[in-house]
Amino acid sequence: MGLCLSRKEGQLYQEYKACLPPMQGKVVAITGCTSGTGLVFARTLAQAGAEVIMLNRSSKRADDALKDVQALTSQVTFIECDLMSFASVRKAAIELNQRFASKGLDVLCNNAGVSTQPDQATVDGYDPQMQTNHLSHFLLTQQVWPLLLKAADLRGESRVVNHSSGYRHAHKQPFDVKYYGKNGGQLGGDDESFMETITFHPPGLERYCHSKLANLIFTYALDDRIRQKGLKVKALCANPGFTATRLVANSDRLRSWSDFMARLAQSEEDGTLGILRCACDPLAQSGDFFSPAGGAFATGPAVLLDREDDLITPEMRELVWRASEEAAGERFDP
Numbered sequence: 021m022g023l024c025l026s027r028k029e030g031q032l033y034q035e036y037k038a039c040l041p042p043m044q045g046k047v048v049a050i051t052g053c054t055s056g057t058g059l060v061f062a063r064t065l066a067q068a069g070a071e072v073i074m075l076n077r078s079s080k081r082a083d084d085a086l087k088d089v090q091a092l093t094s095q096v097t098f099i100e101c102d103l104m105s106f107a108s109v110r111k112a113a114i115e116l117n118q119r120f121a122s123k124g125l126d127v128l129c130n131n132a133g134v135s136t137q138p139d140q141a142t143v144d145g146y147d148p149q150m151q152t153n154h155l156s157h158f159l160l161t162q163q164v165w166p167l168l169l170k171a172a173d174l175r176g177e178s179r180v181v182n183h184s185s186g187y188r189h190a191h192k193q194p195f196d197v198k199y200y201g202k203n204g205g206q207l208g209g210d211d212e213s214f215m216e217t218i219t220f221h222p223p224g225l226e227r228y229c230h231s232k233l234a235n236l237i238f239t240y241a242l243d244d245r246i247r248q249k250g251l252k253v254k255a256l257c258a259n260p261g262f263t264a265t266r267l268v269a270n271s272d273r274l275r276s277w278s279d280f281m282a283r284l285a286q287s288e289e290d291g292t293l294g295i296l297r298c299a300c301d302p303l304a305q306s307g308d309f310f311s312p313a314g315g316a317f318a319t320g321p322a323v324l325l326d327r328e329d330d331l332i333t334p335e336m337r338e339l340v341w342r343a344s345e346e347a348a349g350e351r352f353d354p
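Below is the structure:
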């Protein structure tokens, strides 16, 4: 779970970066890369030779992040994409499809995430955390699927990388498709006590947990369909571990708690190892899940975890796929 605010020197990251395979000739798109693991990922892939597409909301932070990566490479593009709006996602996908039709897309990294959002509705009627963290990424993947197929045909494979969390199974309520529906503002969860906050279940976290579970369910469901059709696209997932990022910076109530916990967290550079392995590791297979070993507060190298098929059943995968199609208003048949 990317949880805190401060930055610490990456230790494992430098070792992994030195062994990173070359990415020249590849096109990589990433959401949510104004700071944290997303910006580290964008920088790292740029330095490895990839053409980088930064999908962010328009803001000064987005401008600064673009300049940061432009200092490393001329092969970088900014495309506006607000994941709290399906219309914005569709507009971004249209631009992607137009600009990269001939090259294709080698890696789509669905990295962006929000946490501790109040129980309210987005402009589309959904919980902000579920729409940002999963539903809009589902729609984006569906919309740019032709680009992923194009890259796979041209260069042998392409990859969809989803970013989950150590909190994916920390929800108090059981799996329920209501979290995927047009129920924003009606799901509750903003009334946790201060004691629940300091025991790591702060306001809004219930909905966050379900959205992070959705990331892994989506990965497995997409992998199922890829394998059935024998496609050359890989679906992979990562957990950053307990990492110093800005994920709860929007919460005044949690800021002091977050600052304290930052002292225990690993750096955002080390927290990027999972998505880097998903995007670049030549041995990574579709359906793989990379994470520090341990529970929600694990740190350390990103290792391949055992599959969670006992917790994420085929029935759950089908329910989430259909609910996501309904929310996005699109049939997704890879």
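Count the sequence shown with this note's numbering and you get residues 21 to 354, in order. A virtual CB, placed ideally from N, CA and C, is assigned to each residue, including glycine. Computed from a predicted structure; not experimentally measured.
The beta strand (DSSP E) with residue i in it runs from where to where?
| i | result |
| --- | --- |
| Phe309 | Phe309 to Ser311 |
| Ile99 | Val96 to Glu100 |
From this set, the options, which residue's C-alpha is nearest residue i's C-alpha?
| i | options | result |
| --- | --- | --- |
| Leu86 | Asp102, Val60 and Val109 | Val60 |
| Gln149 | Asp88, Val127, Phe106 and Arg227 | Arg227 |
| Cys229 | Leu242, Thr239 and His189 | His189 |
| Asn131 | Leu325, Gly208 and Val181 | Val181 |
| Asn89 | Ala68, Phe106 and Arg77 | Here the sequence assigns Val to residue 89, which means Asn is not the residue at that position. Ranking Ala68, Phe106 and Arg77 by Cα distance to Val89 puts Ala68 first. |
| Ala241 | Gly176, Lys198 and Ile332 | Ile332 |
| Ala318 | Gly291, Arg327 and His154 | Gly291 |
| Ala347 | Ile237, Gln151 and Thr161 | Gln151 |
| Phe238 | Pro354, Met74 and Leu75 | Pro354 |
| Gly314 | Leu103, Gly133 and Pro260 | Pro260 |
| Met74 | Cys39, Ala112 and Ala38 | Ala112 |
| Arg297 | Leu40, Asn235, Gly320 and Ser94 | Leu40 |
Give me the Cβ distance between residue i and residue j, rounded to the nearest whole Å; I'm assuming they're in contact under 8 Å.
| i | j | result |
| --- | --- | --- |
| Gly294 | Ser311 | 6 Å |
| Ser184 | Cys129 | About 13 Å; that fails the 8 Å criterion. |
| Ser156 | Phe106 | 7 Å |
| Ala370 | Gly204 | Because the chain is modelled from 21 through 354, residue 370 falls outside the range shown and cannot be assessed. |
What first and last residue would you give for the alpha helix (DSSP H) that runs through residue i?
| i | result |
| --- | --- |
| Glu15 | Residue 15 lies beyond the stretch modelled for the chain, which goes from 21 to 354, so this question has no answer here. |
| Asn130 | Here Asn130 belongs to no alpha helix (DSSP H); instead the beta strand (DSSP E) covers Val127 to Asn130. |
| Lys111 | Phe106 to Arg119 |
| Cys39 | Where Cys39 is concerned, there is no enclosing alpha helix (DSSP H), given that its DSSP letter is neither H nor E. |
| Gln67 | Gly56 to Gln67 |
| Pro334 | Pro334 to Ala348 |
| Gly294 | Leu293 to Cys300 |
| Asp6 | An answer regarding residue 6 cannot be provided, because it is not within the stretch 21 to 354 covered by the chain. |
| Gln31 | Per DSSP, Gln31 belongs to no alpha helix (DSSP H) and is neither H nor E. |
| Glu226 | Leu225 to Lys249 |
| Gln162 | Ser156 to Gln163 |
Using the DSSP secondary-structure output, state which residues sit across from residue i in a beta bridge.
| i | result |
| --- | --- |
| Asn182 | Asn130 and Cys257 |
| Ala49 | Ile73 and Leu128 |
| Leu7 | With the chain covering 21 to 354 only, the question about residue 7 has no answer from this structure. |
At a Cβ threshold of 8 Å, is residue i touching chain C?
| i | result |
| --- | --- |
| Ser135 | Absence of chain C from the displayed structure is noted, only one protein chain being present. |
Does the Cβ of residue i lie closer than 7 Å to at least one heavy atom of the ligand GTP?
| i | result |
| --- | --- |
| Arg179 | The model on display carries no ligand, and the ligand GTP is accordingly not part of it. |
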